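According to the numbering used here, the stretch in the sequence shown is residues 325 to 451, in order.
Shown next, in structure tokens, is the structure this report addresses.
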Amino acid sequence: MYASLKDLATGRGVKRTRHTLIVDGHDYTEDFIQILQQVGFTPVTIAEAAVEPGERIPAFYISNSTAYFGWIFYEKFTEQKMRKLWGSVIRNQKGDWAIQISPKKNSTVYANSNQRTHMDLDRPTDW
Numbered sequence: 325m326y327a328s329l330k331d332l333a334t335g336r337g338v339k340r341t342r343h344t345l346i347v348d349g350h351d352y353t354e355d356f357i358q359i360l361q362q363v364g365f366t367p368v369t370i371a372e373a374a375v376e377p378g379e380r381i382p383a384f385y386i387s388n389s390t391a392y393f394g395w396i397f398y399e400k401f402t403e404q405k406m407r408k409l410w411g412s413v414i415r416n417q418k419g420d421w422a423i424q425i426s427p428k429k430n431s432t433v434y435a436n437s438n439q440r441t442h443m444d445l446d447r448p449t450d451w
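This is the structure:
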């Protein structure tokens, strides 16, 4: 099981989306958090995350024994108006991020700033 959790954390052979952390009645949430930290993911709020416009950082949000994968990034509305957020890779019916976490919330995500990548501010959904 630990190898599977590590594969999920690193994205090796597993599509990172939404994953339940309960298997055969056992909750592996704490084990997954430990593995995340071992592979470079650190607990951070969205407000604390060091990301600039045009960058994105991979991060997991964990809620009710479910891990949701997404990115911390800036969403651009106009040249002058942007907002920082964590958005899940899971989409809703409109094509928006099904789960969004703003810097105003104190929710903790596990982010890996060493895996920072560049992104197109005008096309953030083309991941």
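Glycine included, each C-beta is placed from N, C-alpha and C at the ideal position.
Since we're looking at a predicted model, the values are computed, not measured.
> Are there 16 or more other CB atoms within 10 angstroms of the CB of Y385, so buried, or fewer, so exposed?
Replying inline: By the 10 Å Cβ count, Y385 comes out buried.
>> Applying the 10 Å Cβ sphere with the 16-neighbour rule, what's the burial state of P377?
In response: Answer is exposed; the Cβ neighbour count stays below 16.
>> Whether or not the stretch 363 to 377 and the stretch 394 to 405 are in contact is what I'm after, with contact meaning three or more pairs of Cβ atoms, one per stretch, closer than 8 Å; do they touch?
In response: Judged by Cβ distances under 8 Å, the stretch 394 to 405 makes contact with the stretch 363 to 377, as three or more pairs qualify.
>> Going by DSSP in three states, D420 sits in which element: helix, strand or coil?
In response: Of the three classes helix, strand and coil, the one that applies to D420 here is coil, per DSSP.
>> Does F397 come out as helix, strand or coil in the three-state DSSP assignment?
In response: In the structure shown, F397 falls within a strand segment according to DSSP collapsed to helix, strand and coil.
> To which residues does DSSP link I381 through a beta bridge?
Replying inline: I396
>> Less than 9 Å between the C-beta atoms of L409 and Q424, yes or no?
In response: yes
>> I need the DSSP call for A327, collapsed to helix, strand or coil.
In response: helix
>> If you follow the beta strand (DSSP E) that D432 is in, where does it begin and where does it stop?
In response: Before going further, note that residue 432 is Thr rather than Asp in the sequence given. It spans 432 to 435 - the beta strand (DSSP E) in which T432 sits, taken as one unbroken run.
>> If you measure between the beta carbons of V458 and K330, is that distance less than 9 Å?
In response: Shown here, the chain extends from 325 to 451; a query on residue 458 therefore has no answer.
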